Amino acid sequence: MSQSPPTLPRRHFLALGGVAAGAAMLGAEPASASSVGADDRITLSGYAFTLGVASGDPMPDGVVLWTRLAPEPLALDGLGGMPERAVNVRWEVAEDETFRRVVRRGVERATAAWGHSVHAEVHGLRPDRVYWYRFRVADQVSPVGRTRTAPRPEAALGSLTFAFASCQAYTDGYFTAYEHMAREDLDLVVHLGDYIYEGGGAGSIGRPHLPAVETFTLTDYRIRYSQYKLDPALQAAHRTAPWVVAPDDHDVENNWAGDHSQPDTEPDQDPAVFRLRRAAAYQAYYENLPLRRSSMPRGPEMQVYRRLTFGDLLQLDVLDTRRFRDQQLTDQSLRWDPNRQLLGARQEAWLLAGLGASTARWNVLGNQVFAMQADHTDGPTETFGMDTWDGYAAARQRLFDGLARRNVDNFLVITGDAHRSVAADLKLNFADPASRTIGTEFLGTAISSGGNGQDMDALGVTWLAENPHMRFHNSQRGYQVCHLGRGEMRTDYRVVPFVTAPGAPITTRASVHVQSGRPGVAHVSA
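Residues -33 to -1, 1 to 493 in mature numbering (1 follows the signal peptide of the UniProt record, and there is no 0) are what the sequence shown spells out, letter by letter.
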């Protein structure tokens, strides 16, 4: 994030490999005896930083730094091999990756109640700067992470590059896409949900879920997160750039809505029982991701939606499309019911007010389920999915009408969930192809969910034929890289040919361009 493309140091410390080996690469001395307090004198059963490190939610003066102590990450009690007592964890932030110029340091207490996770909110850093960070506990040192602060809101930026991703089912495929993402020069990564999958099952590629059953309890969710976070490719992607994250359905349970479980799930059809499950899922989500204390769950409630700004170039509004929605319809003829909510009245008002007041060049929504209309049936009959914004058509129209009234410019939506990629014009009236275009949606594919995928499938053929506002489709696996500039933005759809075995190469399947001041897709280059 700078006025000219930044020249970044080589990232030799980001090479994939074992986390213990990664710590050895640092060449860092153990904490001296004089710096060790009572809570530091602890004997651990193994290397504490098996789950890696991460940073997130950057601001101009700092970021949140994350780790979770787990010398035995898959311990059956979900406690990661840690004792019941609190442990002091020291952190350092430096201007160089060798830590000769340490600029901030501090201590956080990692408690058993929160899975010995650490969320250090660092302040006092310079805006729009690369920093390196690490943690210490007892005589152990974590791998080094690289992060970046946000520019000041008034800073005039020439460019900014971020990736977005979603849907990483461990049993469906290897996280090879993250190996490649870790080598990109990114200012930011946005993860739009389905960080874990809650179901049991072994899959067919030798990556069975742990525990082997569906997750319901805090212990279940903790073990599942530990399994996912042990993946070296995922750890590498976390180490390279700050992440902004938001949960979707599988982070709790498939297709949940508000206080309602999906209809075919026992025993949590009772909303009171489901709230207990959501509380466990939210806590484990917070424990394992770089979120600020403002997002710390309180039982079954968690603050997900929030706004981040990056100079005068980007306003990023992160949505919560699960907690406040009405239940999904079984009769699609009711989708225009004006009383139905997807965001809830408070979040919807917050979003429109913030977009109306935005002075950023690009206004981006981090959104979990696609906003575009998607007719799923060939011919004159129309059918729509009820879990997406199509099932809440009146709520979508309220949002789009509000954007039009406020003349929100350069409106972009980035979305996950669907395990396929689409670039689409967002129309004020989808029934009329000549209707005003108010923005562009970039639906991004899965990291691994759904297996290998293919360049085009039957649904893709139907979507392109029945939905003229869709301008590009692909159903391979991968991630997306968005390059924001003053006059144009470009989204590169980065895909791998397979995920059911490791080692897949990466290519750019297509680049989709949007011109500033001209809503909708300008052109697609293959």
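A virtual CB, placed ideally from N, CA and C, is assigned to each residue, including glycine. Small disclaimer: the values here were computed from a predicted structure and weren't measured.
The bridge partners DSSP lists for glycine 420 are Gln443. Looking at the backbone, the Cα of leucine 286 and that of isoleucine 381 are separated by about 11 Å. By the C-beta density criterion, asparagine 306 is exposed, having fewer than 16 other C-beta atoms within 10 angstroms. In this structure, Ser415 is the residue among Ser415, Val211, Arg273, Val69 with its C-alpha nearest to the C-alpha of proline 464. For the pair isoleucine 9 and glutamine 299, the Cα-to-Cα distance works out to about 59 Å. The C-alpha of alanine 316 lies about 35 Å from the C-alpha of arginine 444. By the neighbour-count criterion, in which a residue is buried when 16 or more other Cβ atoms sit within 10 angstroms of its Cβ, threonine 355 is buried. The beta carbons of aspartate 384 and glycine 160 sit about 7 Å from each other, so the pair counts as a contact at 8 Å.
Alanine 398 and asparagine 441 have their alpha carbons spaced roughly 24 Å apart.
In this structure, the straight-line span from the alpha carbon of alanine 413 to that of glutamine 447 is close to 10 Å. Between alanine 130 and alanine 203, the gap from beta carbon to beta carbon reaches 8 Å or more. Selection Ala361, Pro400, Gly417, Val111 evaluated against histidine 386 yields Gly417 as nearest (Cα-Cα). Of the candidates Arg103, Ser22, Met26, the residue whose Cα lies closest to the Cα of histidine 86 is Ser22.
The Cβ-Cβ distance between glutamate 408 and methionine 339 falls below 8 Å. Each of Tyr253, Ala239, Arg289, Gln295 was checked against the Cα of valine 211, and the nearest Cα belongs to Tyr253. For valine 375, there is no enclosing beta strand (DSSP E), as DSSP marks it with neither H nor E. Residue environment: aspartate 357 is assigned as buried (16 or more neighbouring CB atoms within 10 Å of its CB, all protein chains considered). Between glycine 352 and alanine 360, the CB-CB gap reaches or exceeds 8 Å. Assignment of isoleucine 414 by DSSP, reduced to helix, strand and coil, places it in the coil class. In the DSSP assignment, the residues bridged to cysteine 449 are Phe129, Thr458.
Unbroken beta strand (DSSP E) stretches of 3 residues or longer found wholly inside the segment 237 to 287: 273 to 277, 281 to 285, given in chain order.
Judged by DSSP in its simplified three-state form, phenylalanine 102 adopts strand. Remark: C-beta atoms of leucine 177 and glutamine 250 do not approach each other more closely than 8 Å. Shown here for glycine 369: same chain residues with a beta carbon closer than 6 Å to its own, the five before and five after excluded, namely Leu319 in chain order.
Annotation for aspartate 24: the continuous beta strand (DSSP E) segment containing it runs 20 to 26.
According to the DSSP secondary-structure assignment, glutamine 107 is paired through a beta bridge with Val104. Between threonine 326 and aspartate 284, the beta carbon gap of about 14 Å keeps them out of contact (Cβ cut-off 8 Å).
Relative to valine 375, the option among Tyr98, Thr404, Val70, Ser126 whose CA is nearest is Thr404.
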